[in-house]
Amino acid sequence: MGDLSVQRLTKTFSTEGGSLEILRDVELQMNRGDSLAITGPSGSGKSTLLYILGTLDRPTSGNVRIQGQDPFTLTPEPLALFRNRHVGFVFQDHHLLPQCNVLENVLIPALAGSGAGAVEEERARKLLDRVGMGSRLTHRPAQLSGGERQRVALCRALINQPLLLLADEPTGNLDQVTAESVGKLLLELNQELQTLLIVVTHSLDLAGKFPRRVELKQGALVERA
Ligand code: ADP
Ligand code: MG
């Protein structure tokens with residue numbers, strides 16, 4: 065079994081108009097250091113799948129194991145801790161807190177565990193150095209460009225050294241040149257830190273940089289050349 069194992073995953077939303085089957089039969093096996101790009105038309109369920117893998121939403125049926133553990137057997141508090149420890153998210157919008165500076169923003173997920181001490185702060189500085197933001201530690205998000213904010217958001221996602229790095233349209237709001245550099249950074253950091261990277265994207269340019277690509281089609285993942 066892989067570090068991430070998904071078997072026969074389904075997700076159905078019940079709405080006023082009846083039930084909406086979004087994921088029908090998702091199978092996925094991945095290990096540390098692997099990366100995957102998921103493409104598919106708008107509304108095909110890409111975000112839904114990513115949120116379930118990140119334990120922010122629950123499957124209707126099927127099996128999800130992250131390092132052998134089924135997170136959905138946990139009660140809400142242990143589940144939140146599990147997520148904080150094992151999952152890092154990057155969204156289309158950076159979601160940085162405007163009143164906090166760069167260093168503080170990166171340290172936010174570290175506050176939930178045993179607290180952000182010297183070790184976490186050193187890790188944050190190293191990550192920010194790595195993405196070229198080491199000289200911007202005391203700047204606030206409003207003082208940064210879109211690409212710089214996404215690089216800070218990437219450091220925040222990595223501060224707890226998660227197994228899973230999940231990114232939902234991470235370059236969707238960026239111009240092409242900036243998008244390319246953020247995409248490259250995601251893949252480089254995935255290798256350096258041996259996370260398991262899954263990126264949802266509309267961009268065939270970004271998807272094309274990934275060694276493994278799948279398309280979400282009629283509720284299932286289909287491998288692409
Ligand atoms: P994608 O990210 O591929 O664009 P989503 O995963 O956001 O697609 O959504 C897939 C489908 O599921 C859409 O038709 C959307 O309207 C529907 N959907 C998502 N969340 C809910 C919800 N909480 N309740 C009902 N329908 C939902
Ligand atoms: Mg989406």
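For the sequence shown, this note's numbering begins at 65 and goes up steadily by one.
Don't be surprised by glycine CBs; every beta carbon is placed ideally from N, CA and C.
*Below 8 Å CB to CB, which residues in the same chain sit around Arg-44 once its five sequence neighbours on both sides are set aside?*
Because the chain in this structure spans residues 65 to 289, residue 44 falls outside the shown range and cannot be described.
_Do Ser-199 and Arg-129 count as a contact pair if the criterion is CB distance below 9 Å?_
The residue you call residue 129 lines up with position 65 of the sequence shown. The residue you call residue 199 lines up with position 135 of the sequence shown. No.
*asked:* To test your reading of the DSSP string, which unbroken beta strand (DSSP E) runs of 3 or more residues are found completely within the stretch 125 to 194?
replied: Entirely contained in the stretch 125 to 194, the beta strand (DSSP E) runs reaching 3 residues are, in chain order, 125 to 130, 151 to 154.
*Taking the C-alpha atoms as reference points, what is the distance between Thr-137 and Leu-143?*
Numbered from its first residue, the sequence shown carries residue 137 at position 73. Numbered from its first residue, the sequence shown carries residue 143 at position 79. Cα-Cα distance, rounded: 8 Å.
*Examine ligand 1 and report whether any of its heavy atoms sits within less than 8 Å of the Cβ of Gly-179.*
As a first step, residue 179 must be located in the sequence shown, where it is residue number 115. False, no ligand heavy atom lies under 8 Å from that Cβ.
*Can you name, in chain order, every residue of its own chain whose Cβ lies under 8 Å from the Cβ of Gly-81, other than the five neighbours on each side?*
Position 17 of the sequence shown, counted from the first residue, corresponds to residue 81. Sequence-distant partners of Gly-81 (beyond 5 residues in either direction) whose C-beta falls short of 8 Å from its own C-beta are missing from its chain.
*asked:* Suppose the cutoff is 6 Å on Cβ atoms and the five residues either side in sequence are ignored; what does the same chain contact list for Ile-116 look like?
replied: On the sequence shown, residue 116 is found 52 positions in, with the first residue counted as 1. Contacts found: Pro-123.
*asked:* Residues around ligand 1, please: the condition is that the C-beta lies closer than 6 Å to some non-hydrogen atom of it.
replied: Output, sorted by chain position: Phe-77, Thr-79, Leu-84, Ile-86, Gly-104, Ser-106, Gly-107, Ser-108, Gly-109, Lys-110, Ser-111, Thr-112.
*May I ask which residues mark the beginning and end of the beta strand (DSSP E) holding Asp-67?*
For the purposes of this step, residue 67 is taken as the residue at position 3 of the sequence shown. No beta strand (DSSP E) holds Asp-67; DSSP gives it neither H nor E.
_Any non-hydrogen atom of ligand 2 within 8 Å of Pro-121 CB_ = Working through the sequence shown from its first residue, we reach residue 121 at position 57. According to the sequence provided, residue 121 is Asp. The question's Pro does not apply to it. Every heavy atom of ligand 2 is 8 Å or more from the Cβ of Asp-121, so no.
_7 Å CB neighbourhood of Thr-119 in its chain, flanking five on each side removed_ = Within the sequence shown, numbered from 1, the residue matching residue 119 stands at position 55. Its chain contains Pro-135, Leu-143, Phe-146, Arg-147, Val-151 as the residues whose beta carbon lies nearer than 7 Å to that of Thr-119, once the 5 sequence neighbours on both sides are disregarded; these appear in chain order.
_Cutting at 7 Å between CB atoms, please list the residues of its own chain near Leu-84, excluding the five before and the five after it._
For the purposes of this step, residue 84 is identified with residue 20 of the sequence shown, where counting begins at 1. Excluding positions up to five away in sequence, the list reads Thr-76, Phe-77.
*Quick one: what's got a C-beta closer than 7 Å to Ala-174's C-beta in the same chain, skipping five residues either side?*
Counting from one through the sequence shown, the residue named residue 174 turns up at place 110. A distance below 7 Å between beta-carbons, with the five flanking residues on each side excluded, links Ala-174 to the following residues of its chain, in chain order: Ala-180, Glu-184, Ile-223, Asn-224.
*For Gln-93, which beta-bridge partners are listed by DSSP?*
Position 29 of the sequence shown, counted from the start, is the residue given in the question as residue 93. Ser-69, per the DSSP bridge assignment.
*Supposed close pair Arg-276, Ser-106 - CB separation, criterion 8 Å*: Indexing the sequence shown from 1 puts residue 276 at position 212. Indexing the sequence shown from 1 puts residue 106 at position 42. Between Arg-276 and Ser-106 the beta-carbon gap is near 22 Å, outside 8 Å, which marks them as no contact.
*Between the beta-carbon of Gly-211 and the beta-carbon of Thr-242, is there less than 9 Å?*
As a position in the sequence shown, residue 211 is number 147, starting the count at 1. As a position in the sequence shown, residue 242 is number 178, starting the count at 1. A contact, by the Cβ cut-off of 9 Å.
*Give me whichever residues DSSP pairs with Phe-274 in a beta bridge.*
Within the sequence shown, numbered from 1, the residue matching residue 274 stands at position 210. In DSSP, Phe-274 forms no bridge with anything.
*Take the Cβ of Met-65 as the centre, count every other Cβ of all protein chains shown within 10 Å, and call the residue buried at 16 or more, exposed below.*
The residue labelled residue 65 in the question sits at position 1 within the sequence shown. Taking every protein chain shown into account, the CB of Met-65 has fewer than 16 other CB atoms within 10 angstroms, so this residue is exposed.
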